[in-house]
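Chains as they are written, first to last, in my numbering: chain A, 2 to 352; chain B, 2 to 352; chain C, 2 to 352.
Just so you know, even glycine gets a beta-carbon here, dropped at the ideal spot from N, CA and C.
These notes concern the structure reproduced below.
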């Protein structure tokens, strides 16, 4: 790919892409700035990497438009953009080799139930099992060994990696990606305690609905609602080993890191960031744009948009950091207290 | 289903079910009280929903026998019971559509080992693989893509959802339910450190035994014992992504929420409640009826039945709440201390 | 197996194995010292079990060379070694029944892609799916229902239990064991935030490389690198439900307990011990021989080898234990402070 072609490609996503340097030569792939060699493209999005501007072997470097590169333009070319990180991500998409999760078409070993409709361009991998009355949208890929129970609906351009389970009635929007081992729609954890100490299972009659452009990592679990739907909003990104319990609603564009756990009937706002291993008690609500630090334990609702939460029990970051500073100061407090106590006792004996 | 039939059905579980209102009309399904329409049955188990008594469109409402409904009996019917929540759960069971996890009978693609016996009424899904010398009890359902290694024993009316793995020698009682992705009987995590810094694997020769009426969520793991058995008692309910290590014993009717982790050789009593993301150090014991709050970190045994535990390291709830209150008070303490210090210094300079 | 044969076997691992007692009789299997019967071999590695020396029914007991057994040698035989625990572990290996995860040879239902090479002695289970251009080393066992995407490399004597997924390009060394449900090489969790609040996926073009003698538990996840490799060093042991994010490097012989989570680009040294449910923020580093207590939350690098870490945020054990003691002492501090305050006020009113 020529540098000119790269410039034209980036102009699709950016108002201005300024070329400095000769702009000649072919680019064969991307690399980190400190490892890049001739023929490779790299980027600088963080000030501390600017020191590599002079030493990198990259033939092309993408930088922020504010970065001065004039003294290096004889050795290599530069493209100045407003967001070099995102520009580089889009470049990665070009250089990424085409990904083949399963051979095109429907494997002869796949089992497809009655009443199921499959649109054009769908691929279904070896030994995949699709139940009755499912609907699979155009160009969707179902990896080998995935199991769809009855009544599952997949949108267009969905990608299920191998070994995904979707329980009855699960509905996925367009361009949803689900990684291997995840289980969507298993029964919510609901049992009614009986007077003899045993439990009766509460039938879980609802479903899971997942919006467009959601990505779900490996071995995560999202449970079906008791009645109604567990809802994952458009654009939500869920990491590995995450638990989302029955009847939760996760707002659009919220990001949930690995091993976080969200209890039943929680409502999370839009565009929140949930850190790894964070935990939520049930039946609470978070406003939009809330950030939850890793390992935080949330035990009540927080309705102020933009709050940053930390600690167990969780509180706004400022309060939690103050608490943590106070705890680090406990030794000094104790010392001061003991000195005061001694001083007072001394005076008493003086008196 | 008529209201009279519902009343008769509920009488199977309750001494008294009193009908108020006409008792006429057919009920087609259940709904939440605030969403219910004509022909639907709902319930009120919580005082704050009593305000819907007058406005709900439900044709039948199940209430506690202490609730006064006389002014509404012209518009709809009521059934008064001693436990409206449980009554409604039993009703849900009736209205829940029959669940088809896999087609009845044994799929021709299922692989069944030698010496394995399969009782009447068993269903085995597509591509399930059952090892040698297994025993499958009456009416048990094995979902597609489940794998049973050699010597596995399943009781009657067991339900394995698709993609469950049971390692060698795992034994499940009657009516056990295991959700998709769970792995029962994998090797305990045991390695003997060697003088050169490496580890030698300790063979894990034991098994897992699971009692009647246990339910296990999705993607959970229960490891086999090193020698002997890891034991899950009758009626235990385990949520998603739970880890139970080798040689644990979990008492009957204990409930374990999502992402909790129990280390090796722990003994948990009967009828305990373990919160989500709680963690247990190894080789400790909990008495019966202990409640463990979410995210608690248990580092020693607690032998007093009925204790409620919270915090890391865990302590009885009262002590932990006192500690948390004290921590919230740290700022006030510091202020008081500084004032005292200043006052004392002032006097000193006065003296 | 005779006692003499056992002695000869143990001499393979130990300089000296001293026999006391008759050394006659056959040993049929191992057992715990308190449960062992005639014909069984047991061991004592912990002083508190020495009291069983006289009462055990075991025919053979393995003890440390410093233990005095002379008064019991008429009843049973003893083997004295320098490390009785390890000696017993090696004995367990002998008595462990041969483990058959899948029938020998390549199941006719296994699907094997083009360009894939399979060495001698390999077994592939029912319905396993192996992609194109993979390489499978000698005597490796691939459990049923495992899925290898294109370009996977397995060394010799690897054991994949059923239902393992290896994404494109994953490379495993020799003698690696992976338990059921684990997913290696799924996409790293990388998304570039856009100005409209949505995210663009960052292509994950790297791979996972796993060294020799690694064991990975059930339902764990190890993500591929964005560029380059996520690296698991030789001899690393990983428990169940562990998350290792993209671009991590885990040093040789490090042990990671269940449900621990390591964020992106973390570097863990050699021979560390990571406790269960511990969590790591991204882009940090741990030196060699560091121990991390269960549930610890690590938010910065620790470069001093041998440090023991605990708490959230993590700090060296000594500091954390001091902090915890201080917190337990808060009530006493408050009392003292209030007494001082009262005393001072009293004097003031006296003055």
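**Item:** Assigned exposure category for residue 278 (chain C) - 16 Cβ within 10 Å defines buried
**Value:** One-based indexing of the third chain puts residue 278 (chain C) at position 277. So residue 278 (chain C) ends up on the buried side.
**Prompt:** Can you list, in chain order, the residues of its chain whose CB lies under 6 Å from that of residue 119 (chain A), leaving out five sequence neighbours each side?
**Reply:** Along the first chain, one-based indexing puts residue 119 (chain A) at 118. Cβ within range, chain order: 137.
**Message:** For residue 305 (chain B) and residue 289 (chain B), I'd like the C-alpha separation in whole angstroms.
**Reply:** Walking along the second chain from the start, residue 305 (chain B) turns up at place 304. Walking along the second chain from the start, residue 289 (chain B) turns up at place 288. Rounded to whole angstroms, residue 305 (chain B) to residue 289 (chain B) spans 8 Å at the Cα level.
**Request:** Would you mind working out which of B:211, B:215, B:51, B:188 sits nearest residue 203 (chain B), comparing C-alpha positions?
**Result:** Working through the second chain from its first residue, we reach residue 203 (chain B) at position 202. Closest option to residue 203 (chain B), Cα to Cα, is B:188.
**Request:** Compare the C-beta of residue 267 (chain B) with all C-beta atoms of chain C and state if any pair is closer than 9 Å.
**Result:** Your numbering for residue 267 (chain B) matches position 266 in the second chain. Closer than 9 Å: no.
**Message:** Whether or not the region 207–219 of chain C and the region 230–240 of chain C are in contact is what I'm after, with contact meaning three or more pairs of Cβ atoms, one per stretch, closer than 8 Å; do they touch?
**Reply:** yes
**Cβ-based contacts, 8 Å cut-off: residues of the region 28–53 of chain B near chain A** = 31, 32, 33
**Item:** Interface residues of the region 334–348 of chain B facing chain C [CB-CB below 8 Å]
**Value:** 334, 337, 338, 341, 344, 345
**Asked** Interface residues of chain B around residue 163 (chain C) at Cβ under 8 Å?
**Response** For the purposes of this step, residue 163 (chain C) is taken as the residue at position 162 of the third chain. Residues of chain B passing the Cβ test: 130, 148, 150, 166.
**Request:** Kindly indicate if chain B contains any beta-carbon less than 9 Å away from that of residue 96 (chain C).
**Result:** The sequence position of residue 96 (chain C) within the third chain is 95, counting from 1. Closer than 9 Å: yes.
**Item:** Assigned secondary structure, residue 238 (chain B) (DSSP; H/G/I helix, E/B strand, else coil)
**Value:** The residue you call residue 238 (chain B) lines up with position 237 of the second chain. The answer is strand: DSSP assigns residue 238 (chain B) an E or B state.
**Prompt:** Using the beta-carbon of each residue, which ones in chain C are nearer than 8 Å to residue 140 (chain A)?
**Reply:** Position 139 of the first chain, counting from 1, holds the residue named residue 140 (chain A). Chain C residues near residue 140 (chain A): none, gap ~17 Å exceeds 8 Å.
**Request:** Count the C-beta pairs between the region 165–177 of chain A and the region 65–72 of chain B that are closer than 8 Å, then say yes if the count reaches three, no if not.
**Result:** no
**Item:** Euclidean distance between Cα positions of residue 168 (chain A) and residue 129 (chain A)
**Value:** As a position in the first chain, residue 168 (chain A) is number 167, starting the count at 1. As a position in the first chain, residue 129 (chain A) is number 128, starting the count at 1. Answer to the nearest angstrom: the Cα atoms are 14 Å apart.
**Prompt:** In chain B, which residues lie less than 8 Å from residue 102 (chain C) when you measure between Cβ atoms?
**Reply:** Locating residue 102 (chain C) in the third chain gives position 101, where the first residue counts as 1. Per Cβ cutoff of 8 Å: 150.
**Request:** Please say whether residue 156 (chain A) and residue 133 (chain A) have beta carbons closer to each other than 9 Å?
**Result:** Walking along the first chain from the start, residue 133 (chain A) turns up at place 132. Walking along the first chain from the start, residue 156 (chain A) turns up at place 155. In this structure, residue 156 (chain A) does not lie closer than 9 Å to residue 133 (chain A) by Cβ.
**Request:** Would you check if the distance between the CB atom of residue 143 (chain A) and the CB atom of residue 185 (chain A) is smaller than 9 Å?
**Result:** Position 142 of the first chain, counted from the start, is the residue given in the question as residue 143 (chain A). Position 184 of the first chain, counted from the start, is the residue given in the question as residue 185 (chain A). Contact flag unset, no.
**Request:** Pick out whichever of B:221, B:300, B:45 has its Cα sitting closest to the Cα of residue 183 (chain B).
**Result:** As a working mapping, residue 183 (chain B) is identified with position 182 in the second chain. Looking at the Cα atoms, B:221 is the closest of the given residues.
**Message:** Within 10 Å of its beta-carbon, does residue 244 (chain A) have 16 or more other beta-carbons around it, so buried, or fewer, so exposed?
**Reply:** Within the first chain, numbered from 1, the residue matching residue 244 (chain A) stands at position 243. Label assigned to residue 244 (chain A): buried.
**Prompt:** Taking buried to mean at least 16 other C-beta atoms within 10 Å of its own C-beta, is residue 270 (chain B) buried or exposed?
**Reply:** Locating residue 270 (chain B) in the second chain gives position 269, counting from the first residue. That one is buried.
**Range of the contiguous alpha helix (DSSP H) that encloses residue 10 (chain B)** = Mapped onto the second chain, residue 10 (chain B) falls at position 9. Its alpha helix (DSSP H) spans residues 4–12.
**Asked** Since residue 191 (chain B) and residue 227 (chain B) are thought to touch, with beta carbons under 8 Å apart, how far apart are those beta carbons, to the nearest angstrom?
**Response** As a working note, residue 191 (chain B) is residue 190 in the second chain. As a working note, residue 227 (chain B) is residue 226 in the second chain. Indeed they touch by this definition, with Cβ atoms about 6 Å apart.
**Message:** Please report the straight-line C-alpha distance between residue 164 (chain C) and residue 145 (chain C), rounded to a whole angstrom.
**Reply:** Within the third chain, the letter at position 163 stands for residue 164 (chain C). Within the third chain, the letter at position 144 stands for residue 145 (chain C). Rounded to whole angstroms, residue 164 (chain C) to residue 145 (chain C) spans 7 Å at the Cα level.
**Message:** I'd like to know whether the C-beta of residue 250 (chain A) is nearer than 9 Å to at least one C-beta of chain B.
**Reply:** Locating residue 250 (chain A) in the first chain gives position 249, where the first residue counts as 1. So no, residue 250 (chain A) is outside the interface.
**Message:** Rounded to whole angstroms, what is the Cα-Cα separation between residue 311 (chain B) and residue 86 (chain B)?
**Reply:** Numbered from 1 along the second chain, position 310 holds the residue referred to as residue 311 (chain B). Numbered from 1 along the second chain, position 85 holds the residue referred to as residue 86 (chain B). Distance between the alpha carbons of residue 311 (chain B) and residue 86 (chain B) is about 28 Å.
**Asked** Hey, quick one: how far does the alpha helix (DSSP H) through residue 171 (chain B) stretch, first residue to last?
**Response** Residue numbering aside, residue 171 (chain B) sits at position 170 when the second chain is read from its first letter. Premise fails: residue 171 (chain B) is in no alpha helix (DSSP H) and is neither H nor E.
**Asked** Would you report the Cα separation of residue 8 (chain B) and residue 52 (chain B), rounded to the nearest angstrom?
**Response** Within the second chain, the letter at position 7 stands for residue 8 (chain B). Within the second chain, the letter at position 51 stands for residue 52 (chain B). The alpha-carbon atoms of residue 8 (chain B) and residue 52 (chain B) are separated by roughly 24 Å.
**Message:** With a threshold of 9 Å between beta carbons, is residue 272 (chain A) in contact with chain C?
**Reply:** Counting from one through the first chain, the residue named residue 272 (chain A) turns up at place 271. So yes, residue 272 (chain A) belongs to the interface.
**Asked** Below 8 Å, can you find three or more Cβ-Cβ pairs linking the region 46–61 of chain B to the region 103–120 of chain B?
**Response** no
**Asked** Which runs of the beta strand (DSSP E) spanning at least 3 residues fall entirely within the region 255–326 of chain C, listed in chain order?
**Response** 309–311
**Message:** For a contact defined as C-beta to C-beta under 8 Å, what are the partners of residue 190 (chain A) on chain B?
**Reply:** Here residue 190 (chain A) refers to the residue found at position 189 when the first chain is read from its first residue. 218, 238, 240, 241, 258, 259, listed in chain order.
**Message:** Assuming residue 272 (chain C) and residue 252 (chain C) are in contact, meaning their beta carbons sit under 8 Å apart, how far apart are those beta carbons, in whole angstroms?
**Reply:** Numbered from its first residue, the third chain carries residue 272 (chain C) at position 271. Numbered from its first residue, the third chain carries residue 252 (chain C) at position 251. So it is a contact: roughly 7 Å between Cβ atoms.
**Request:** Give the C-beta separation of residue 181 (chain C) and residue 166 (chain B) to the nearest angstrom, bearing in mind that I take them to be a contact with Cβ-Cβ under 8 Å.
**Result:** Reading the third chain from its first residue, position 180 is the one you call residue 181 (chain C). Reading the second chain from its first residue, position 165 is the one you call residue 166 (chain B). Right, the Cβ-Cβ distance comes to about 4 Å (below 8 Å), so this counts as a contact.
**Request:** Can you have a look at residue 5 (chain A) and say buried or exposed, based on whether 16 or more other CB atoms are within 10 angstroms of its CB?
**Result:** Working through the first chain from its first residue, we reach residue 5 (chain A) at position 4. Exposed: under 16 other Cβ atoms inside 10 Å.
**Minimum length 3: unbroken beta strand (DSSP E) runs contained in the region 83–121 of chain B** = none
**Message:** I'd like to know whether the C-beta of residue 16 (chain C) is nearer than 9 Å to at least one C-beta of chain B.
**Reply:** Position 15 of the third chain, counted from the start, is the residue given in the question as residue 16 (chain C). No, its Cβ sits nowhere closer than 9 Å to a Cβ of chain B.
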